[in-house]
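In our numbering, the protein residues as written are 100 to 1145.
The beta carbon of each residue, even a glycine, is placed where N, CA and C say it ideally should be.
Worksheet: one structure, shown below.
Put into structure tokens, the structure is as follows:
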């Protein structure tokens, strides 16, 4: 039997066409005793890194390749007709060596950057230019030679084969496939004939798109998703047989025993292909050191800049200087000076342009060098933060300095980096959307023709958790398990969904990731242009870029920085010049706000659970906020009450050893941070902080072998330090228990400082702070509702939108009231909002009538739909007439405005004919129509802004509600004391949910006159739900249970 190698295969990185993951391919090959394989995605190299790494790890030789799309003409020609063929041919390219891989990267990049037209296309001129080091095979039925063969044009087939043989001398193979397709039989006969006639080699492949034969139908469903068709569409494209799977060598031998050389050539090709990716080596860009620096050595320049910064930050002591020296030595030894200089540079650029930058993020906030360089704004000495948690000299890894920028201006920083290092050296990073449990069920149901309602019902029974699997959901939910066995369609739904679950669905741009190369990025990774957004990204994701040693970092847009910035700008407009970095560090009013749980809008501290804990904790210092930020997470949350009780003396603070006191004192004896685990190992067992970091990692990941070895080292070190063995063992177990929950103190500190800043602004400048929050969340109606309720709870007046006073965003007027932004009105948009404000400010006056307003604005920017919505939403209430009058006369108003604008433009003919300068146009009179009712006003406002702006539908029932209700929505403390709540309000935003047992329940918001409450409808009550899904209550009361209502 021939030694066969699969050379033409597609993983799920051939998006919505490959129904097998890279690991599935490798595992299947291991089962088939095959030790070499190629993956040839459609037009891309998305799988290159994960395939290479996983194959090497599995002991399988990876062959890197691609099934390219070759345009019939110039790859840049976007007018190719598709009626007489595909407009392109398929061609398989395999990298023989590093030169071949370089050319392959170039070709697939050009396909996306220049040649994309339905598919990422290259052309034969490019193949001639970049064909060195590549083996070429003629691909499937969509290959050029095969296409001509099937059409009966032998002359064209021969010429195509000769041309490809000339482009790839000695490296072109005619491909043979056998999938029980008659067209393949024709193509195969022609290719064998051409091989004999032209002395060209043959190669057998199976064009595998799924691992096992029984996955054929699941792959068919996936292909329908990719083509947007239903499975029962008779005119759709399809793979006609179940033969496109990973066959064994024996199966392939049985198919091609009549052409044994085609089988033998698979091994010959595999032998010729030998590519080793350059992993583990750093490829950092060179930072342009100024000529005036007196040195061009990055390490020396970094020292100069760090020492200058240290003098500015501190009254330098020998201890502080020694710590900086130690950090700089580690940075020098690791070769990361350039990295720090690059980050320093773009952060300083941002600050010089008044682009808000966060104080720090992640473990980088523990670096004194980063603080001295202005990379962070968190004092690691003041907060006792550890450099070794960030950079460990005993564990070489790329530094990870992620930076928060103002959400609205993050792009300016990325543009600066591109300008500094070259457009071709900087790119955003690709990421892949997965077919997760809920989404894959919806997708498959649609293809199978199940109703939307049924698909939605089943999908909602699967918990909305990113890591949940279909099998886990079925095991936990009897109703879901029952749904699987309803009929064959449901059985298919679950069977196909299980096969496709977890596979890649689409490519998109990572929200924050940016990569910077020391030259042209294509020399390191292929590039991709998203055909929908036109964004250019790498074809390699974050993990792959790190493995390749490229500098990647997160440029994150943090909404809170935008809120702070908008607040400060509003304050400056009324001549309050506040430096947010110099606010009092222990402000009583600010901590009072935290202690009262009034933290809606406060960064990281606004969840309901957090607010309740804050009321119990009554924080008195920033350290309390840092700890609470670290503790309020799954896992460590179990220790919150113990932490609070210890702070207030309700539990004894006990230490297993006196050496733990200075380490755990600030957290009342509770291990909260990863850094505390490191400090304990250092103090008790004499571990260096670098060794202690490795211990911390081993504990967090529960690696038994590593833990056993390090426990022995810990006990030995503790003994040498005079700690008795039983105590040392107890301390080690305490560390191990908390290490898996411990949080990064550096990150928690940086974010607690941002939280404190936002709380300070809320405490002293509530109108501006809430207006800034509202503006930043304008597109999120749920958040706006919460923030408006909070503004009202703070006693702030919220005024409706008004074309005579509003701009795009929420703003604060001279009386301290918050004015609604025009951009919050549906169908108006930011361009129209900005235009209205600009015209008003340019003319220096507002308007008294709708015709005058319409005549002043550009009716292309503020079109009829926008005018309708402005009227209905109350934004034109300051203009003469009722809303109905203005709405009814809108046609005449627009005609009038167009006529007025025509008259002011001598180049336009008058709307009414004749001499434009001579025409006199009067404002149209108001229509004589009855006014809309208050109820109609409220409904329109709710429809267009999601809020009641000028009143409330319940106002007419205020007296009845007061008699019926025993709670007015304003005092949660009172609500908690009542055994039974009687509430009256409007039910909005009902949401169905399923318990872990699969029982239906619901949530909704009950909107009252003075506020809203969130209501939980538990399963027993939810059983009384009618077929329309509206909730019917058998009782007129809502019983309060604990902190929830039912």
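On the DSSP bridge list, what partners appear for residue i?
i: residue 176; result: Note: residue 176 sits in no beta bridge, so no partner.
i: residue 757; result: Its beta-bridge partners do not exist; DSSP assigns none.
i: residue 503; result: 655
i: residue 603; result: 533
i: residue 161; result: 136
i: residue 1093; result: 1099
i: residue 1087; result: 1104
i: residue 309; result: 344
i: residue 108; result: 307
In chain order, what residues of the same chain lie with their CB nearer than 8 Å to the CB of residue i, ignoring the 5 residues before and after it?
i: residue 169; result: 187, 188, 189, 190, 220, 221, 222, 223, 226 and 243
i: residue 810; result: 831
i: residue 1083; result: 1053, 1056, 1059, 1060, 1063, 1064 and 1107
i: residue 462; result: 488, 489, 499, 843, 845 and 846
i: residue 529; result: 145, 606, 607, 608, 609, 627, 636, 637, 638, 639 and 640
i: residue 952; result: 902, 946, 975 and 978
i: residue 314; result: 118, 119, 344 and 598
i: residue 1013; result: Caution applies to residue 1013, whose pLDDT of 42 falls short of 50 and renders its modelled position unreliable; the value that the coordinates give is listed next. The answer is none, since no qualifying residue turns up.
If residue i sits next to residue j, beta carbons under 8 Å apart, how far is it from one beta carbon to the other, in whole angstroms?
i: residue 708; j: residue 840; result: Between residue 840 and residue 708 the Cβ distance is about 17 Å, and since that is not below 8 Å, they are no contact.
i: residue 306; j: residue 353; result: At roughly 17 Å, the Cβ-Cβ gap does not stay under 8 Å, so residue 306 and residue 353 are not in contact.
i: residue 767; j: residue 746; result: 5 Å
i: residue 98; j: residue 1112; result: One cannot answer for residue 98 here, as it falls past the ends of the chain, which runs 100 to 1145.
i: residue 1088; j: residue 559; result: That belief does not hold up - the Cβ atoms of residue 1088 and residue 559 are roughly 15 Å apart, past 8 Å.
i: residue 124; j: residue 138; result: 7 Å
i: residue 299; j: residue 291; result: That belief does not hold up - the Cβ atoms of residue 299 and residue 291 are roughly 10 Å apart, past 8 Å.
i: residue 196; j: residue 373; result: 6 Å
i: residue 1049; j: residue 923; result: The Cβ separation is near 15 Å, so there is no contact.
Sorted by chain position, which residues of the same chain lie with C-beta nearer than 7 Å to residue i's C-beta, five sequence neighbours on each side aside?
i: residue 534; result: 542, 599, 600, 601, 602 and 604
i: residue 646; result: 148, 152 and 378
i: residue 312; result: 341 and 344
i: residue 108; result: 124, 136, 137, 138, 139 and 307
i: residue 865; result: 893 and 895
i: residue 285; result: 248 and 249
i: residue 1098; result: 1118
i: residue 445; result: 512, 515 and 516
Please work out which residues of its chain come closer than 6 Å, Cβ to Cβ, to residue i, disregarding the five sequence neighbours upstream and downstream, and give them in chain order.
i: residue 1132; result: Confidence is the limiting factor: at residue 1132 the pLDDT is only 37, short of 50, which leaves the residue's position unreliable and the question unanswerable from this model.
i: residue 267; result: 230 and 235
i: residue 632; result: none
i: residue 431; result: 398
i: residue 183; result: The predicted model places residue 183 with a pLDDT of 45, which falls under 50 and marks its position as unreliable; any figure quoted below should be read in that light. No residues qualify anywhere along the chain.
i: residue 580; result: 573
i: residue 860; result: 666 and 868
i: residue 448; result: 515
i: residue 1140; result: Low confidence applies here, because residue 1140 scores a pLDDT of 36, under 50, leaving its location unreliable; read the following figure in that light. Nothing listed; no residue qualifies.
i: residue 115; result: 321, 324 and 325
For the candidate residues the options, whose alpha-carbon lies nearest to that of residue i?
i: residue 698; options: 371, 249 and 862; result: 862
i: residue 215; options: 690, 821 and 629; result: 629
i: residue 898; options: 965, 107, 974 and 963; result: 974
i: residue 976; options: 232, 942 and 1031; result: 1031
i: residue 608; options: 288, 750 and 527; result: 527
i: residue 270; options: 1058, 423, 1021 and 369; result: 369
i: residue 593; options: 563, 614, 1040 and 544; result: 544
i: residue 556; options: 1093, 584, 954 and 1048; result: 1093
i: residue 803; options: 825, 894, 789 and 835; result: 835
i: residue 565; options: 714, 548, 536 and 171; result: 536
i: residue 60; options: 992, 134 and 583; result: Only positions 100 to 1145 of the chain appear in this structure, which leaves residue 60 out of reach.
i: residue 294; options: 253, 401 and 984; result: 253
i: residue 233; options: 201, 217 and 257; result: 201
- Does the count of Cβ pairs from the region 633 to 640 and the region 799 to 818 closer than 8 Å reach three? no
- With a cut-off of 8 Å, do at least 3 Cβ pairs link the region 205 to 214 to the region 239 to 253? no
- Task: Could you tell me whether the region 932 to 950 touches the region 884 to 904, using the rule of 3 or more Cβ pairs below 8 Å?
- Result: yes
- Item | the region 489 to 505 in contact with the region 652 to 659 per 3-pair CB rule at 8 Å | yes
- Please confirm if the region 711 to 718 is in contact with the region 684 to 703, defined as three or more CB-CB distances below 8 Å between the two stretches. Three or more Cβ pairs drawn from the region 711 to 718 and the region 684 to 703 lie within less than 8 Å of each other, which places the two stretches in contact.
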